[in-house]
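What follows is a set of notes on a single structure, which appears directly below.
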Amino acid sequence: RISGGNGSAVSGGAAVPRFVLEAADARHVGLVQVTGYTDSENVTVDVVNNLYATTATNLWSEGAWSDYRGYPRAVTLHDQRLIFAGSPSEPQKIWGSVIGDFRNFELGTFDDAGFAFQLAATEANPILWLVSKEGILAGTQGEVWSLSADGTITPSNVNVNLQSALGSEPIQVLRTESAILLVERGGTKIREFVFDFATQSYQSPVVTQLIEHLLRSGIRAMARTANPEQTIWVVTNDGLLLSCSYRREEEVIAWAQHPTSGTVESVSTNYGAAADEVWIVVDRYGTRRVERLDVEHWERIEVDTSYHLDAAKVTTGDGLTVITGLDHLEGQLVAVHADGADLASRVVVAGQITLTDPADLVVVGLPFTSTLQPWPIFMQLADGSSQGRLQKVNKVTLFLHRSGFVQYADSPSGPFFDLGLRLADDIEGPFSLKTGYFEVPQEASFRWETETIFQTSSSLPLTILAVIYQMGIYGE
């Protein structure tokens with residue numbers, strides 16, 4: 001490699017040119033592909049890159065990856081380099097490409113050359129994932145390591161440090177604005193991995209404390225959407241689909257379960273025009289299907305045509321009475337939403353159903369039950385906590401937004417009653433969605449904690465913005 005400059009001025013005003021010659025590599029490196037084997041000292045090869053000579057040599061080495069040596073399992077991009085790690089033959093090695101040349105991994109001493117680093121770990125756990133975050137983070141079953149530098153990582157200035165002794169599962173981590181989310185070894189917890197400037201170290205708090213009972217089978221897939229709301233999507237080994245409204249800057253981590261007929265096997269996300277798209281693989285009645293959550297939900301949420309059904313088929317037209325194209329729901333008892341109202345359930349026969357009255361917009365799909373049970377209310381009183389004292393709820397008020405149907409009960413085991421949102425002005429025809437405050441009747445009995453629960457199985461939306469209690473605390 002040759003570098004040059006103007007040099008320094010000499011008498012007479014002329015500059016003396018100056019050049020520096022550096023040897024990037026003292027060896028001439030060629031590349032061949034072995035096509036035949038005679039014995040341990042003689043093989044037949046095809047020349048891929050020119051060799052210095054064809055005479056016998058003992059200065060040779062295999063490529064890092066091959067069908068025999070295996071291929072890396074982890075990959076990321078960082079500072080214009082393609083980064084690989086975790087091959088079967090070298091499970092703790094990390095390779096970086098030449099800057100700006102993703103196909104070239106030639107090693108060298110210059111700053112833009114390729115590099116290869118070996119973790120100095122005490123346990124021989126393979127690298128499971130890589131992520132670019134300030135530097136490069138590499139996760140194994142037992143640890144999390146960081147590769148960093150004062151500036152761009154080069155072959156001569158990289159710092160490799162152990163950041164955590166908590167291992168993870170072979171599931172690609174998720175990047176958020178301020179942290180990454182990883183599945184802890186064992187597959188039953190998700191942790192944030194975030195740099196704490198106060199301690200100048202990485203911290204890894206658990207974000208799944210309140211849903212540990214849903215994660216006992218383990219986590220098999222994880223994805224993230226950011227538009228219109230940042231949401232984490234998780235699929236468990238027993239087929240549950242979970243979501244988490246994740247707003248770390250507002251200290252909001254709110255989990256929800258999405259029950260459906262069948263078992264969910266995987267989840268993935270993609271950008272969409274109206275909102276980020278969520279795709280799932282779900283096994284329904286012995287048939288594996290690829291389905292997408294309705295992205296138009298976010299556009300319909302403020303209009304009267306909002307509906308919620310699984311594996312649904314939407315049909316529009318004038319005076320529809322026979323709804324076809326329901327082969328994927330053959331033999332199933334389906335819910336029917338027609339022109340803004342719930343109709344009686346029907347069984348799909350020969351891929352279709354028949355309506356009693358014609359409709360212009362019909363949605364046919366599988367119903368599901370949405371449930372909300374607020375966290376028990378405990379408060380600090382002048383003489384101590386209300387926990388452990390009898391409580392009597394005198395009044396409960398719901399603040400609803402464009403909702404159609406809701407049932408309530410005093411406890412999860414108690415009978416459910418309709419709240420009665422349908423008023424005299426919409427007894428017949430399409431239902432008018434309701435917004436406002438609605439009082440929930442109470443029997444006002446003494447209990448150790450609040451257990452009010454709300455649910456809906458309707459295709460109409462239910463959005464609860466607030467649950468307001470009026471209650472008394474008794475005892476010492």
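As numbered in this note's numbering, residues 1 to 476 make up the sequence shown, in order.
Ideal placement from N, C-alpha and C gives every residue a C-beta, glycine not left out.
- GLN33 and THR54 have their C-alpha atoms roughly 14 Å apart.
- Rounded to the nearest whole angstrom, the C-alpha separation of SER385 and PRO376 is 13 Å.
- Counting only residues of its own chain and dropping the five nearest sequence neighbours on each side, GLY262 has a CB closer than 8 Å to the CB of GLY239, VAL282, ASP283, ARG284, TYR285.
- The beta carbons of LEU119 and GLN92 sit closer together than 8 Å.
- Separation of the CB atoms of LEU390 and TRP448 is rounded to 7 Å, and the pair is thereby assigned contact status at 8 Å.
- Look at ILE153 here: in three-state DSSP terms it is coil, with no helix or strand label.
- GLN387 and GLY167 have their C-alpha atoms spaced approximately 37 Å apart.
- Here TYR71 has TRP65, SER87 as same chain residues with Cβ atoms under 7 Å from its own Cβ, once five neighbours each way along the sequence are excluded.
- For the options GLU302, TYR307, PRO358, HIS78, the alpha carbon positioned closest to that of THR321 is the one of PRO358.
- Taken through DSSP and simplified to helix, strand or coil, LEU215 comes out as coil.
- With a threshold of 16 other beta carbon atoms within 10 Å, ASP310 meets it and is buried.
- Closest option to GLN380, judged by alpha-carbon separation, among VAL98, ILE473, SER345, TRP255: ILE473.
- Taken atom to atom, the span from the alpha-carbon of SER178 to that of LEU343 is near 47 Å.
- The distance from the Cβ of VAL173 to that of LEU162 is about 17 Å, inconsistent with a contact at the 8 Å cut-off.
- Contact between ILE280 and VAL264 holds, since their C-beta atoms are separated by about 5 Å, short of 8 Å.
- Collapsing the DSSP output to three states places TRP60 in coil.
- The beta carbon of LYS392 sits closer than 8 Å to those of ALA444, SER445, PHE446, ARG447, MET471, GLY472, TYR474, all from its chain and outside the five residues before and after it, given in chain order.
- When DSSP states are grouped into helix, strand and coil, LEU166 belongs to the coil group.
- Comparing alpha carbon positions, the residue from ASP101, TYR202, PRO415, LYS189 closest to TRP145 is TYR202.
- Non-local C-beta neighbours of TRP129 in its own chain, meaning closer than 6 Å and more than five positions away in sequence, comprise ALA74, GLY139, GLN172, VAL173, ordered along the chain.
- Cβ contact annotation for GLU106 (same chain, cutoff 6 Å, sequence separation greater than five): GLY114, in chain order.
- Distances from the alpha-carbon of ALA341 to those of ASN159, SER148, PRO461 put PRO461 closest.
- In this structure, the alpha-carbon of VAL267 lies about 10 Å from that of GLU291.
- With a threshold of 16 other beta carbon atoms within 10 Å, ILE468 falls short and is exposed.
- For GLY436, the closest alpha carbon among the candidates LEU398, GLU451, VAL406 is that of LEU398.
- Take the alpha-carbon of GLN455 and the one of GLN332: they are about 23 Å apart.
- Boundaries of the alpha helix (DSSP H) around GLU299: 297-300.
- The continuous beta strand (DSSP E) containing PHE84 extends over residues 81-85.
- In this model, THR452 and THR463 are separated by some 16 Å (Cα to Cα).
- Runs of beta strand (DSSP E) with 3 or more residues, each lying fully within the region 370-412, are found at 370-372, 390-403, 407-409, listed in chain order.
- A distance below 8 Å separates the beta carbons of ARG191 and VAL207.
- Setting aside the 5 residues that flank it on each side, SER132 is surrounded in the same chain by THR76, LEU77, HIS78, each with a C-beta closer than 7 Å to its C-beta; the list follows chain order.
- In terms of CA proximity to GLU249, THR176 leads the group SER148, SER204, THR176.
- Using a Cβ distance threshold of 8 Å, THR324 and GLN352 count as a contacting pair.
- Between the alpha carbons of ALA382 and ALA256 lies a gap of roughly 35 Å.
- Between VAL363 and SER459, the C-beta spacing is below 8 Å.
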